[in-house]
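Novice: Shown below is the structure under consideration.
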Amino acid sequence: MAAPAILTTVITKNTVFPITERVTLSSLGHLIENLLEWTKDEGIDLTELFPADFFDFDGFGELGLDYLDIQKPTGEPLRITATFSWPDLELSLIPNLLAVGNPQFTLNLLGTSVSVVAEGVLTIEDYALDVRLHLPSFYLEAELPDTGESEGHSALGLLKRFNAHPGGSTAITAPRLSQLLILAHPRLERAVFKLALDNLDFGPVSLDTQLELIYQSGSFTGFIWGDFLIEIGTGQSILLTLSADYDGPAAGWQLEGGMATSGINLVQVFEALLKKFGLSGVALPGVLADADIELRYLHLSFNTHTRAFNFACSLSAQHLFGLDSLAEGSELELNLNLQLAPYQKNANGQTTTAYDLTFGGQVVMRLGGSETDVPPKSPVELAFDLVFDKQGDSKTLVAAYHNLAGGQVHLKDLVGLFSGGTTDLGDLDFAIDLKQAYFISSKQNNQSKLLIGLEIGAGLDLSKLPLVGQMAPNAKQLTLNFQPFYANAEFKDDELSHLQAIAPTGVTLPTKSVPRGLDLTILLNLAGTPLHLDVPLSKGDLKPTKSGAAPGTRAGGTGASTAQGKTNAPAAGQTGGTGGGPSVAGGRGTTAGGDDGTKWIDINKAFGPVHFQRLGFQYADKNFWFRIDGALVAAGLTLSLQGLSVGVTVPDFTPSFELQGLGLAFKKGAFEIGGAFLRIKHPTYEEYAGLAYLRFKKLELSAIGSYAKLDGYSSLMLYAVLKYPLGGPSFFFVTGLAAGFGYNRDLVLPPVEEVSSFPLVAMATDSTPADAANLTAILTRLGAAIPPLNGQYFLAAGIKFTSFKLIDSFLLLSVSFGVHTEIGLLGLSTLQVPMAEVTDAGVPPLAKAQLAIRGSFLPDEGFVGIQAMLTKESFLLSRDCRLTGGFAFYAWFGNSEHAGDFVLSLGGYHPHFNVPAHYPTVPRLGVDWHVGSYLSVKAEMYFALTASSLMAGGNLRADYHHGGINAWFDLGANFIISWKPYYYDAEFHVIPFRVKD
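Here the sequence shown is numbered in my numbering, starting from 168 and rising by one per residue.
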């Protein structure tokens, strides 16, 4: 590019330097280009000495060259000095923040070292600052000129410009700016503003402050510091140095500072602060207002946006709890917090700012220990977090303790310290390794109440549990904590709810009413997962009520006397699935030991090879029992643990460990074996039960047995199942056999709706491979299904078969004799389309019907009956289309009070038929289909023949519900004829269509 003519005449080889007369140039680039002509013989390329974007200044147009000097002394590097500027230029450095007016640039070059400094005036609000911009580093510094021109100017506009207003609706006076310094890097959009402000007032706080704000990419942060004076009014004062972080007007300035004090009373400082902040109607909690407590340390914080105020101090608190003296080496300190949260108050049409007051703090009790005690006591520090209730004239205090240094504490001494030495904890006078604690002191209507909660030590070490301790990795992480809580008077639900709302974080109070006495919370640390369970104990002392079972009981509650009751004739008024057959004690899912007071929770958590399924807790005979249902899993072998328990004796908390039974399962390829053995404790005897199974390809053989030694007799049962395709015609293809017997055992047939889960049926029909957990569950249910009964015996035989590969059936015939005689039949038949072999491949079945059968013949009671019912597994086309229905035939003869009566029912009875109490309840034969979310269709039919009546009927109904529209139709008919007495009734109804909007 050719240089402008003016350049060739101004800067040539013959030019005499320096040039001091102003010359107008077309652009900065032309100046640099002209200088290249001078420097090229020196081997210097000026364009390489500047950043690539330095020549962006070309866009500013013509510039004025005020001074130019080029010198090349012999033997010395080239020197160039140039001063130039653009007329009427305002150079924007950080958009909307920093701009320099009419800057003048000075270029200095010495050899290959080059620098450019731009000087000008930076105006912010009413302030003009001298500014220097260094290039190519783009470092900027600006400050007020020392001329006194800023005197009398308010800095409020400047604070707003910097987005540094305290925030919110806080009104502040106009502070005077005494100093302003700006350091910035425009290309990084970063700037630091340092301000010195005099007489900065917001609310009750007046400070001479230093403010530093940092601007980065569009936002401000920073901090402020200054001195805050509190005049107590007795010639004393406290000077606090406050500092604050700043996160923008949404957060405001958080001012904080503190100092050590002496000879200053809490009440004096509190009243001075109230006066300082213009607060009235605020008082210290009653437990603090009357105490002569001296401050040791004072800390103040205040937020300029929220106007939230916090006052913290350290106090000598020996007399706070009525302690006249402390043991040698002991110390009691109160760290008090006062929080004031503002809110808007409307009174007489005017809105003013008022404050909600909250008191909190911490009591630190340092027990110095004693070397004269046997054994010697080590120093212990106990820290209680305090919350004071300010509702009305309440004098309630809540405190929470967290172990800082560890060490043993005598429970009764600790409780007595805050209850005046009057405690009633029964046998709980022992040393504990206290982990956490809380106490509540409440005085209302001259009544003093105390609630104390304790968490004892790091917990029991569960690594000594049989098998679990040896198998679980890092077993030391398995710990058990006991948290007893004691009340010397009743705490009601609403009181506890209010106290929980004001309690410190981490304190969990009981949710239900607490009567006077002792309760317990169990806390289990299981692989880092805390679990909580409340266990009620006896109230008032440690004399526990008998649980009705020995410690460790897992089974029981079904003995000979209960079984004897099952021989009764069908009970009048008995309804439901059992109909008018013999009464049934115990039922599906009845877990042995269900009445032993154990409370269970499901967790299903793995801990290395140990898998915990559920946990239980029981208190019996002055023992806490912690129970585990779980299994050990390793290399294909599963060892289930039954009755795994930890017993803890009160009050010494000595642990004992117990394992009641084992389950075993192993599978490799097509070969699989399993078994279980369980010792079951009953209130008056022990029972031993076991189960084993073997599977290989299509062969499956399983057996279950139980033995018990009772007063004067032994009891035994055995039941075995063979699953193997034995052959036969297609309509009766045998796939399995079952047989069993009982000696001094009763066989209690289940109601028809529970046939599928009856242990003897489930063993034969369950198609899913059983694991150890399933087997032990079956063993525990045997107590209700086949209980000991002296002089009673039974035989049972079953057969499992298929019909045309579509229907899978099992029938079990039983004969019980001795004390009473009963011939029973249980059956389960399942039809599935397509067959199970297809659905196993992922094709859902189109239809499934499962029929449960129960038959009973009691010659001594004069009863015969058979029932059949579709189970909940029955559906058609969709599982939303449920099939229902039942059948029953009952007849009474001989010595029965209903001799001569009978009933045959398919689907139930006429709606207006007065069903005798001894008749069975039979579900309607029908279909119930929910077609989508809006349409449902239900059809029902029934037929019944009794000794006095004949009846039949049915009903069809469709309902449509969508939004506010309801539409339905109903079609039905019912007929009944009776000859004892004679009457008949027939009705037919049709509601073709009805719409309700």
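Each residue gets a CB set at the ideal place from its N, CA and C atoms; glycine is no exception. The structure displayed is predicted, hence computed values, not measured ones.
My assumption, with CB atoms under 8 Å, is that G1120 sits in contact with F1136. Please give the rounded CB distance.
Specialist: Here residue 1120 refers to the residue found at position 953 of the sequence shown. Here residue 1136 refers to the residue found at position 969 of the sequence shown. Not quite, the Cβ-Cβ distance comes to about 18 Å (not below 8 Å), so this is no contact.
Novice: Residue range of the beta strand (DSSP E) that R1049 falls in?
Specialist: Residue numbering aside, residue 1049 sits at position 882 when the sequence shown is read from its first letter. Per DSSP, R1049 belongs to the beta strand (DSSP E) from S1045 to T1051.
Novice: Does the segment 912-930 come into contact with the segment 896-904, if we say contact requires no fewer than three beta-carbon pairs (one atom in each stretch) closer than 8 Å?
Specialist: At 8 Å Cβ cutoff, the stretches do not touch.
Novice: By how many angstroms is the C-alpha of L666 removed from the C-alpha of I607?
Specialist: Position 440 of the sequence shown, counted from the first residue, corresponds to residue 607. Position 499 of the sequence shown, counted from the first residue, corresponds to residue 666. Looking at the two C-alpha atoms, the distance is approximately 8 Å.
Novice: By how many angstroms is the C-alpha of Y852 removed from the C-alpha of G894?
Specialist: Taking the first residue of the sequence shown as 1, we reach residue 894 at position 727. Taking the first residue of the sequence shown as 1, we reach residue 852 at position 685. Roughly 45 Å between the two C-alpha positions.
Novice: Suppose only complete runs of 3+ residues qualify. What are the beta strand (DSSP E) ranges in the segment 248-324, listed by chain order?
Specialist: Fully enclosed beta strand (DSSP E) runs of 3 or longer: 257-261, 265-277, 280-291, 294-302 and 306-310.
Novice: Taking only runs that begin and end inside the segment 451-481, name each unbroken alpha helix (DSSP H) of 4 or more residues, in chain order.
Specialist: 453-456, all fully within the segment 451-481.
Novice: Looking only at its chain, what residues have a beta carbon closer than 8 Å to the beta carbon of W1146, apart from the 5 residues adjacent to it on each side?
Specialist: Working through the sequence shown from its first residue, we reach residue 1146 at position 979. Result list for W1146: S1115 and S1116, in chain order.
Novice: Grab me the residues of A390's own chain with a C-beta within less than 7 Å of its C-beta, minus the 5 sequence neighbours each way, in chain order.
Specialist: Residue numbering aside, residue 390 sits at position 223 when the sequence shown is read from its first letter. Per the sequence shown, the amino acid found at residue 390 is Phe instead of Ala. Only E379, S410, A411, D412 and Y413 meet the Cβ criterion.
Novice: In angstroms, rounded to a whole number, what distance separates the CA positions of V576 and L690?
Specialist: Along the sequence shown, read from residue 1 onward, the residue named residue 576 stands at position 409. Along the sequence shown, read from residue 1 onward, the residue named residue 690 stands at position 523. Their Cα atoms are separated by approximately 20 Å.
Novice: Taking 7 Å as the cut-off, decide whether the C-beta atoms of F478 and F469 are in contact.
Specialist: Along the sequence shown, read from residue 1 onward, the residue named residue 478 stands at position 311. Along the sequence shown, read from residue 1 onward, the residue named residue 469 stands at position 302. Cβ atoms of F478 and F469: not closer than 7 Å.
Novice: Can you tell me where the beta strand (DSSP E) with P955 in it begins and where it stops?
Specialist: Translated into positions along the sequence shown, residue 955 becomes position 788. First-last of the beta strand (DSSP E) with P955: P955 to S970.
Novice: Would you mind sorting Y1151 into buried or exposed? The rule is 16 or more other CB atoms within 10 Å of its CB.
Specialist: In the sequence shown, residue 1151 corresponds to position 984, counting from 1. Exposed, because fewer than 16 other Cβ atoms sit within 10 Å of the Cβ of Y1151.
Novice: Tell me the rounded alpha-carbon separation between Y960 and F984.
Specialist: Translated into positions along the sequence shown, residue 960 becomes position 793. Translated into positions along the sequence shown, residue 984 becomes position 817. Each residue's Cα considered, the two are about 5 Å apart.
Novice: What number of angstroms, rounded off, separates the C-alpha of L344 from the C-alpha of K361?
Specialist: Mapped onto the sequence shown, residue 344 falls at position 177. Mapped onto the sequence shown, residue 361 falls at position 194. When rounded, the distance between both Cα atoms is 11 Å.
Novice: Mind checking which residues open and close the beta strand (DSSP E) that includes T398?
Specialist: As a first step, residue 398 must be located in the sequence shown, where it is residue number 231. It is Glu, not Thr, that sits at residue 398 in the sequence shown. Segment S386 to E398, the beta strand (DSSP E) holding E398.
Novice: Taking only the alpha-carbon atoms, compute the straight-line gap between I381 and H352 and give it to the nearest angstrom.
Specialist: Here residue 381 corresponds to residue number 214 of the sequence shown, with the count starting at 1. Here residue 352 corresponds to residue number 185 of the sequence shown, with the count starting at 1. In a straight line, the C-alpha of I381 is about 12 Å away from that of H352.
Novice: Could you give the distance in angstroms between the alpha-carbon of L364 and the alpha-carbon of L325?
Specialist: Stepping through the sequence shown from its first residue, residue 364 is reached at position 197. Stepping through the sequence shown from its first residue, residue 325 is reached at position 158. The straight-line gap from Cα to Cα measures roughly 11 Å.
Novice: Tell me whether F329 sits in a helix, a strand or coil according to DSSP, three-state version.
Specialist: Position 162 of the sequence shown, counted from the start, is the residue given in the question as residue 329. The answer is coil: DSSP assigns F329 none of H, G, I, E or B.
Novice: Output the distance between the C-alpha atoms of Y1149 and F1080, rounded to the nearest integer angstrom.
Specialist: Here residue 1149 is taken as the residue at index 982 of the sequence shown, counted from 1. Here residue 1080 is taken as the residue at index 913 of the sequence shown, counted from 1. Rounded to whole angstroms, Y1149 to F1080 spans 14 Å at the Cα level.
Novice: Is A905 near G857, with beta carbons less than 7 Å apart?
Specialist: Translated into the one-based positions of the sequence shown, residue 905 becomes position 738. Translated into the one-based positions of the sequence shown, residue 857 becomes position 690. Going by C-beta atoms, A905 is not nearer than 7 Å to G857.
Novice: Any idea which residues DSSP pairs H1129 with across the strands?
Specialist: Locating residue 1129 in the sequence shown gives position 962, counting from the first residue. Paired residue(s): I1132.
Novice: Please state whether DSSP places M930 in a helix, a strand or coil.
Specialist: Position 763 of the sequence shown holds residue 930. In the structure shown, M930 sits in a helix (DSSP, three-state: H, G or I).
Novice: May I have the straight-line CA-CA distance separating E257 from L307, to the nearest angstrom?
Specialist: Counting from 1 along the sequence shown, the entry for residue 257 is found at position 90. Counting from 1 along the sequence shown, the entry for residue 307 is found at position 140. Near 15 Å, if we compare the C-alpha coordinates of L307 and E257.
Novice: By Cβ distance below 8 Å, which residues in the same chain neighbour L831 in space, the five residues on each side in sequence not counted?
Specialist: Looking up residue 831 in the sequence shown gives position 664. Closer than 8 Å at Cβ, skipping near neighbours: L804, T805, L806, S807, I840, G841, G842, A843 and A939.
Novice: Going along the chain, which unbroken runs of the beta strand (DSSP E) with 3 or more residues stay wholly within the segment 795-839?
Specialist: Entirely contained in the segment 795-839, the beta strand (DSSP E) runs reaching 3 residues are, in chain order, 804-816, 821-825 and 828-835.
Novice: Between which two residues does the beta strand (DSSP E) carrying E854 extend?
Specialist: Reading the sequence shown from its first residue, position 687 is the one you call residue 854. Residues E853 to F863.
Novice: Do G1022 and the ligand ATP come close, with the Cβ less than 6 Å from some heavy atom?
Specialist: The ligand ATP is not part of this structure, which contains no ligands at all.
Novice: Using the three-state DSSP reduction, which class does I1158 fall into: helix, strand or coil?
Specialist: To locate residue 1158, count along the sequence shown from 1; it is residue 991. If DSSP states are grouped into helix, strand and coil, I1158 belongs with the strands.
Novice: Under 7 Å, do L235 and L192 count as touching if we go by C-beta distance?
Specialist: Within the sequence shown, the letter at position 68 stands for residue 235. Within the sequence shown, the letter at position 25 stands for residue 192. Taking 7 Å as the Cβ cut-off, L235 and L192 do not qualify as a contacting pair.
Novice: Is the beta carbon of L1071 less than 7 Å from the beta carbon of L1112?
Specialist: By 1-based counting over the sequence shown, the position of residue 1071 is 904. By 1-based counting over the sequence shown, the position of residue 1112 is 945. Their beta carbons are under 7 Å apart, which means L1071 touches L1112 by this criterion.
Novice: Measuring CA to CA, which of S481, T988, L998 and T525 is closest to K1182?
Specialist: The structure shown does not extend to residue 1182, since the chain is modelled only from 168 to 1164, so the question has no answer here.
Novice: Can you find a CB in chain C that lies within less than 7 Å of the CB of K835?
Specialist: Within the model displayed, chain C is absent; a lone protein chain is all it includes.
Novice: For Y1101, does the count of other Cβ atoms within 10 angstroms reach 16, so buried, or fall short, so exposed?
Specialist: Taking the sequence shown and counting its residues from 1, one reaches residue 1101 at position 934. So Y1101 ends up on the exposed side.
Novice: Are Q809 and G828 closer than 7 Å when you measure CB to CB?
Specialist: As a working note, residue 809 is residue 642 in the sequence shown. As a working note, residue 828 is residue 661 in the sequence shown. Contact flag set, yes.
Novice: Identify the continuous alpha helix (DSSP H) that holds I669 and give its terminal residues.
Specialist: On the sequence shown, position 502 is the one that residue 669 refers to. D660 to I669 is the span of the alpha helix (DSSP H), which, as asked, contains I669.
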